[in-house]
Amino acid sequence: MSSISNVSENTPHILILGMGGTIAGLAPNPEENPLQYQAGQVGVDALVAHVQAVVPEGVKLVSRQLANINSRNLTDAHLTSLGLAVKDALLDAAVKGIVITHGTDTIEETGLFLQATCGKLAHTQSKRVILTGAMLPSNAPGADGPSNLLDALRWASTSIDNCPGGIYAVMDGRGCMAIDLAKRHATALNAPLQNAPSSSVGLINPSWLSGVKAVQAAWNEDLPIPQEGEWPWVEILTSHAGARPETITQWLSSAVKGLVIAGTGHGGFHDDWVNPLDQAMAQGVALVRTTRTGAGATLRNIPEVDAPGCWASGALTAPRARIALQLALNASTQANKAGKPLTWQDFFARIADLPEIR
Ligand code: ASP
-5 MSSISNVSEN
5 TPHILILGMG
15 GTIAGLAPNP
25 EENPLQYQAG
35 QVGVDALVAH
45 VQAVVPEGVK
55 LVSRQLANIN
65 SRNLTDAHLT
75 SLGLAVKDAL
85 LDAAVKGIVI
95 THGTDTIEET
105 GLFLQATCGK
115 LAHTQSKRVI
125 LTGAMLPSNA
135 PGADGPSNLL
145 DALRWASTSI
155 DNCPGGIYAV
165 MDGRGCMAID
175 LAKRHATALN
185 APLQNAPSSS
195 VGLINPSWLS
205 GVKAVQAAWN
215 EDLPIPQEGE
225 WPWVEILTSH
235 AGARPETITQ
245 WLSSAVKGLV
255 IAGTGHGGFH
265 DDWVNPLDQA
275 MAQGVALVRT
285 TRTGAGATLR
295 NIPEVDAPGC
305 WASGALTAPR
315 ARIALQLALN
325 ASTQANKAGK
335 PLTWQDFFAR
345 IADLPEIR
């Protein structure tokens, strides 16, 4: 599904890629119950038309619908097509910046994916890719989508000295690096960047900006975008009181390639999982530990010494660690095919070890 506005594609423009979400949602009774709605109902052309009159003068907009889904249904295939579209646009001289309208439920997965596959290219091309969404459907009183979209368009199109090319997100008047997104509230208007180090969209904060530059200096090479059928199968399992070994053993006869453990506290897991997880690693299943607490980093060899087949997620949340592990497994397979003996741990560490912005 694709639609382009009437601006010629050779005219310098901002490209808006529509993925769906609440920003494109419609509620049948918006006055009575704005939160009972269907996501992904309004086309991206209509969302753009709604704000067109107030975008900065001279900024031309081209929109393209890649999907119109509730992002809880995001698939590997959606990520592949989005990643390829972003890459093409970054290499297209007519595209000056890219805005992506997206559901907030899985925006953190997409943010990590784009940073890891297109972050270097965005930086070297000096173009900003800005993810945005909304918490209220498009016809709700006080809908937040139009102002978020407008902020994203402004940020994508302002002078590059203000903030370097890279992969960002904008919601509720603030911007952050897309790798720092994590939906931490069910309803608040700033839900996906509530805990993210961020800056006001209007006035970029110098200490945040120096953190961004540190991340970009450390990110040396984009990882390959997996082709549609190539994404390794990786699951997230949460450790909890009363955890049973069967939660792990049932995966041992499956084709799963990796497990992300959302552990308690420092990312520890129930003693009843130790033997089955050892067995999983012995079978070649990649293991990543993260914390279910919602904040703070998971560090190597804390609370126990990690086995070589297990890697700590750093500051990555479980959903982000899952995408990072998929990309790392795929990157290792591609490297090995090209004769380079790089492991998934080599690639995963590049993402997990990125400096944290404070
Ligand atoms: N369920 C919606 C989605 O992720 C939520 C949102 O966009 O805020 O598509």
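Residue numbers (our numbering): -5 to 352. Every residue, glycine too, gets a C-beta built ideally from N, C-alpha and C.
Proximity to ILE8 across PRO140, ALA276, SER204, VAL89 peaks at VAL89, based on C-alpha coordinates.
DSSP places GLU229 in the uninterrupted beta strand (DSSP E) bounded by 228 to 232. In the DSSP assignment, THR98 falls outside any beta strand (DSSP E), carrying neither H nor E. In the pairwise beta carbon analysis, the region 229 to 242 is classified as not touching the region 203 to 219: fewer than three pairs are separated by under 8 Å.
In the structure shown, the three-state DSSP call for LYS121 is coil. In this structure, DSSP gives ILE255 an extended state, which the three-state scheme calls strand. In the DSSP assignment, SER194 falls within the beta strand (DSSP E) that extends over 192 to 194. The distance from the Cβ of LEU293 to that of ALA312 is about 16 Å, inconsistent with a contact at the 8 Å cut-off. Cα atoms of SER151 and PRO24: separation of roughly 32 Å, rounded to the nearest angstrom. Close CB contacts of ARG316 within its chain, under the 6 Å cut and outside five residues either way in sequence, are with VAL228, ILE230, VAL254 (chain order). Taking a 10 Å sphere around the C-beta of GLY236, we find fewer than 16 other C-beta atoms and assign the residue as exposed. Rounded to whole angstroms, the separation of the alpha carbons of ALA343 and ASP272 is 21 Å.
Remark: the shortest separation between the CB of ASN184 and any heavy atom of the ligand ASP does not fall under 8 Å. Closest option to THR69, judged by alpha-carbon separation, among GLY160, GLN221, GLU350: GLN221. Around LEU175, the same chain offers ILE101, GLU102, GLY105, ALA163, PRO186, LEU187, ALA190 as residues with beta carbons nearer than 7 Å, after the five sequence neighbours per side are excluded. With a threshold of 8 Å, the Cβ atom of ARG66 counts as near the ligand ASP, since some heavy atom of the ligand is closer than that. Where MET275 is concerned, the enclosing alpha helix (DSSP H) starts and stops at 268 to 276.
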